[in-house]
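Visitor:
In the working numbering, the protein residues as written are 155 to 640.
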């Protein structure tokens with residue numbers, strides 16, 4: 155691995171500056187629109203789906219057990235009766251296994267689809283991933299709808315559809331790769347901020363909308379969300395392809411390589427690029443911080459169940475808090491962080507890397523503090539902690555930009571593929587960790603119900619320390635040689 159100053163992409167055609175600027179804006183606008191639609195769809199699906207599963211488990215639980223007053227339930231169960239430990243423990247178990255299976259599938263397919271992105275293009279892989287996610291959602295909805303026919307645990311089979319497109323981690327991998335393909339280094343972090351805002355705007359709208367529609371029926375927002383996901387999948391195909399294949403990385407036909415040999419060469423080359431990243435101490439520290447933060451941020455769905463159980467909040471009420479939390483996130487990403495970023499770069503004359511490191515360390519520290527507060531004994535303390543977690547979660551966005559400083563532009567897709575592997579590895583570890591500590595905290599009772607967030611707080615501290623250990627003050631990139639030497 156050698157170092158050299160960051161330069162413009164050598165494989166891109168020379169474009170008129172105005173034409174390139176127009177192309178960049180067009181790509182980013184389409185990507186932002188896709189993010190908004192899919193995030194709204196996810197918000198409309200997530201909250202009611204948890205309620206539908208909770209209701210199904212509740213129906214089974216009370217089928218042979220009386221509730222208060224000695225009455226047996228034979229139809230709908232009031233949500234208040236579903237907050238008992240037995241129902242919540244099984245709900246946590248069902249969802250934890252589902253999340254873990256999805257993460258394992260994502261980990262398995264991330265590398266092949268990262269390779270496909272360098273072969274068939276970013277947008278095609280992005281569309282395939284949305285297709286797999288949509289089919290998985292349809293299957294899970296079918297299981298809950300026909301719960302007399304399918305046991306509730308058969309929602310786990312939805313994981314099989316993740317083989318199409320690589321699972322839920324692939325979309326953001328492709329989106330960050332597309333943005334890195336078209337955006338200049340100095341503007342990349344701010345663009346990441348603005349793209350993140352698109353998801354937060356959806357988070358602002360979707361939970362409140364879902365909570366309102368759930369008053370009619372949980373099925374109403376779920377059905378709208380599934381339909382919106384299908385539309386986003388089709389819209390993805392309109393995004394211009396940003397990747398231009400480099401023939402130097404592929405054996406020429408004159409070499410007599412068979413199709414299988416060509417694919418094997420490509421896979422080995424892709425693996426070699428990823429392994430070569432471990433020569434960089436800075437990248438390794440970023441990876442440590444990133445996987446820790448991904449473990450933490452997988453708590454977003456868990457937080458809903460945690461607050462609902464611990465403080466007997468209806469799930470629909472937590473939807474309104476999610477909207478308030480999204481509003482805070484929008485203010486941070488859209489107004490505060492970009493202005494601080496511009497001030498550091500243009501007034502303080504920080505290099506892009508130095509500026510990103512300062513922001514990441516600050517946000518990482520806020521994240522750790524918020525996690526410990528979320529383990530607190532009162533509702534106000536917990537909600538305040540979750541708001542700080544929302545603010546501090548921007549460190550993961552900044553880490554993606556920091557990582558791009560340390561690899562050559564030719565290897566950005568490989569680097570983001572590996573970050574997706576770390577993302578799914580974090581999900582694999584997070585699901586059983588949160589479920590087991592949640593059940594253990596309920597068993598111990600009292601303030602120990604905050605045990606999951608105590609554990610996450612320790613992980614957040616480790617992630618923040620890793621960021622402080624990065625000592626890289628130059629604007630150089632560490633370039634992985636094409637000769638494959640490790």
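Quick reminder that beta carbons are idealized off the backbone N, C-alpha and C, glycines included.
Between which residues of its own chain and residue 546 is the CB-CB distance below 7 Å, once the five residues before and five after are set aside?
Guide: For the purposes of this step, residue 546 is taken as the residue at position 392 of the chain shown. Counting only Cβ-Cβ distances below 7 Å, and skipping sequence neighbours, we find 517, 518, 520, 521, 524.
Visitor: Residue 529 to residue 300, Cα distance in whole Å?
Guide: Residue 529 sits at position 375 when you count from the first residue of the chain shown. Residue 300 sits at position 146 when you count from the first residue of the chain shown. Roughly 37 Å between the two C-alpha positions.
Visitor: From the DSSP output, in three-state form, read off residue 502 for me.
Guide: By 1-based counting over the chain shown, the position of residue 502 is 348. Note: residue 502 maps to coil in three-state DSSP.
Visitor: Taking C-alpha atoms, which residue in 474, 471, 513 lies nearest to residue 490?
Guide: By 1-based counting over the chain shown, the position of residue 490 is 336. Residue 490 has its Cα closest to that of 513, out of 474, 471, 513.
Visitor: Determine contact between the stretch 614 to 625 and the stretch 432 to 450, defined as no fewer than three beta-carbon pairs at a distance below 8 Å.
Guide: yes
Visitor: Within a Cβ cutoff of 6 Å, which residues of the same chain sit near residue 588, ignoring the five residues on either side of it in sequence?
Guide: The sequence position of residue 588 within the chain shown is 434, counting from 1. Same-chain partners within the cutoff: 456, 606.
Visitor: Measure from the alpha carbon of residue 388 to the alpha carbon of each residue in 190, 307, 284, 539, then state which is nearest.
Guide: In the chain shown, residue 388 corresponds to position 234, counting from 1. Taking only the C-alpha atoms, the option nearest residue 388 is 284.
Visitor: What are the boundary residues of the alpha helix (DSSP H) that residue 651 is part of?
Guide: Lying before the first or after the last residue shown, residue 651 is absent from the chain, which here runs from 155 to 640.
Visitor: Between which two residues does the alpha helix (DSSP H) carrying residue 235 extend?
Guide: For the purposes of this step, residue 235 is identified with residue 81 of the chain shown, where counting begins at 1. Note, residue 235: premise wrong, no alpha helix (DSSP H); not H, not E.
Visitor: Which stretch, first to last residue, makes up the alpha helix (DSSP H) that contains residue 313?
Guide: For the purposes of this step, residue 313 is taken as residue 159 along the chain shown, with counting starting at 1. Taken as a continuous stretch (DSSP letters only), residue 313 belongs to no alpha helix (DSSP H), as it is neither H nor E.
Visitor: Going by DSSP, what residue range makes up the alpha helix (DSSP H) through residue 434?
Guide: Counting from one through the chain shown, the residue named residue 434 turns up at place 280. No alpha helix (DSSP H) contains residue 434, which DSSP labels as neither H nor E.
Visitor: DSSP state of residue 302, grouped into three classes?
Guide: Along the chain shown, one-based indexing puts residue 302 at 148. If DSSP states are grouped into helix, strand and coil, residue 302 belongs with coil.
Visitor: Just how far apart, CA to CA, sit residue 297 and residue 305?
Guide: To locate residue 297, count along the chain shown from 1; it is residue 143. To locate residue 305, count along the chain shown from 1; it is residue 151. If you take the alpha carbons of residue 297 and residue 305, they lie about 7 Å apart.
Visitor: Between the alpha carbons of residue 179 and residue 526, how many angstroms are there, rounded?
Guide: As a first step, residue 179 is located in the chain shown; it is residue number 25 there, counting from the start. As a first step, residue 526 is located in the chain shown; it is residue number 372 there, counting from the start. Those two C-alpha atoms are separated by around 40 Å.
Visitor: Could you have a look at residue 307 and say whether DSSP puts it in helix, strand or coil?
Guide: In the chain shown, the residue the question calls residue 307 occupies position 153. Here residue 307 sits in helix by DSSP.
Visitor: Could you check which residue in 251, 253, 217 has the C-alpha nearest to that of residue 236?
Guide: In the chain shown, the residue the question calls residue 236 occupies position 82. Looking at the Cα atoms, 217 is the closest of the given residues.
Visitor: For residue 621 and residue 394, what's the separation of their Cα atoms in angstroms?
Guide: The count along the chain shown starts at 1 and reaches residue 621 at position 467. The count along the chain shown starts at 1 and reaches residue 394 at position 240. Roughly 35 Å between the two C-alpha positions.
Visitor: For the alpha helix (DSSP H) containing residue 391, name the first residue and the last one.
Guide: For this step, residue 391 is matched to residue 237 along the chain shown. Counting along the chain, residue 391 falls outside any alpha helix (DSSP H), and DSSP gives it neither H nor E.
Visitor: From the DSSP output, in three-state form, read off residue 547 for me.
Guide: Residue numbering aside, residue 547 sits at position 393 when the chain shown is read from its first letter. Residue 547 falls in the coil class under three-state DSSP.
Visitor: Using the three-state DSSP reduction, which class does residue 624 fall into: helix, strand or coil?
Guide: Locating residue 624 in the chain shown gives position 470, counting from the first residue. Residue 624 falls in the coil class under three-state DSSP.
Visitor: Comparing alpha-carbon positions, which option in 185, 291, 323 lies nearest residue 570?
Guide: Along the chain shown, read from residue 1 onward, the residue named residue 570 stands at position 416. For residue 570, the nearest C-alpha among the options comes from 323.
Visitor: Since residue 485 is in the alpha helix (DSSP H), which residue starts that stretch and which ends it?
Guide: Along the chain shown, one-based indexing puts residue 485 at 331. Here the alpha helix (DSSP H) through residue 485 covers 469 to 485.
Visitor: Would you grab the beta carbon distance between residue 263 and residue 213 for me? Rounded to a whole angstrom, and I think it's under 8 Å.
Guide: Counted from its first residue, the chain shown places residue 263 at position 109. Counted from its first residue, the chain shown places residue 213 at position 59. Rounded, the Cβ-Cβ distance is 35 Å, inconsistent with contact.
Visitor: Output the distance between the C-alpha atoms of residue 574 and residue 446, rounded to the nearest integer angstrom.
Guide: For the purposes of this step, residue 574 is taken as the residue at position 420 of the chain shown. For the purposes of this step, residue 446 is taken as the residue at position 292 of the chain shown. Going by the C-alpha atoms only, they are around 13 Å apart.
Visitor: Is residue 501 buried or exposed, if buried means 16 or more other CB atoms sit within 10 Å of its CB?
Guide: What you label residue 501 is simply residue 347 of the chain shown in a count that begins at 1. Its Cβ having fewer than 16 others within 10 Å, residue 501 is exposed.
Visitor: In the structure shown, what three-state DSSP assignment does residue 606 receive?
Guide: The residue you call residue 606 lines up with position 452 of the chain shown. Looking at residue 606 - three-state DSSP - the assignment turns out to be helix.
Visitor: If I'm right that residue 493 touches residue 544 with Cβ under 8 Å, what's the distance once you round it to whole angstroms?
Guide: Reading the chain shown from its first residue, position 339 is the one you call residue 493. Reading the chain shown from its first residue, position 390 is the one you call residue 544. Actually they do not touch by this definition, with Cβ atoms about 18 Å apart.
Visitor: Of the choices 318, 390, 276, 539, whose alpha-carbon is the least far from that of residue 335?
Guide: In the chain shown, the residue the question calls residue 335 occupies position 181. Here the closest residue by C-alpha is 276.
Visitor: Return the CA-CA distance between residue 347 and residue 487, expressed in angstroms with no decimal places.
Guide: The sequence position of residue 347 within the chain shown is 193, counting from 1. The sequence position of residue 487 within the chain shown is 333, counting from 1. Computed Cα separation, rounded: 5 Å.
Visitor: Identify the continuous alpha helix (DSSP H) that holds residue 490 and give its terminal residues.
Guide: As a working mapping, residue 490 is identified with position 336 in the chain shown. Premise fails: residue 490 is in no alpha helix (DSSP H) and is neither H nor E.
Visitor: Is it true that the CB of residue 291 sits closer than 7 Å to the CB of residue 380?
Guide: By 1-based counting over the chain shown, the position of residue 380 is 226. By 1-based counting over the chain shown, the position of residue 291 is 137. In contact: residue 380 and residue 291 (Cβ atoms closer than 7 Å).
Visitor: Along the chain, where does the alpha helix (DSSP H) containing residue 331 start, and where does it finish?
Guide: Start at 1 with the first residue of the chain shown, and residue 331 comes out as number 177. Start and end: 324 to 336.
Visitor: Give me, in chain order, the residues of the same chain whose beta-carbon lies closer than 6 Å to that of residue 229; leave out the 5 immediate sequence neighbours on both sides.
Guide: Here residue 229 refers to the residue found at position 75 when the chain shown is read from its first residue. In this predicted model, residue 229 has a pLDDT of only 49, less than 50, meaning its place in the structure is not dependable; the value taken from the coordinates is given anyway. Closer than 6 Å at the Cβ level, and outside the excluded window around residue 229, lies no residue.
Visitor: Quick one, are the C-beta atoms of residue 205 and residue 610 less than 7 Å apart?
Guide: Within the chain shown, residue 205 is the residue found at index 51, counting from 1. Within the chain shown, residue 610 is the residue found at index 456, counting from 1. In this structure, residue 610 does not lie closer than 7 Å to residue 205 by Cβ.
Visitor: Go ahead and label residue 676 buried or exposed: buried means 16 or more other beta carbons lie within 10 angstroms of its beta carbon, across all protein chains shown.
Guide: With the chain covering only 155 through 640, there is no way to say anything about residue 676.
Visitor: Assign residue 562 to one of three DSSP states: helix, strand, or coil.
Guide: Locating residue 562 in the chain shown gives position 408, where the first residue counts as 1. Of the three classes helix, strand and coil, the one that applies to residue 562 here is coil, per DSSP.
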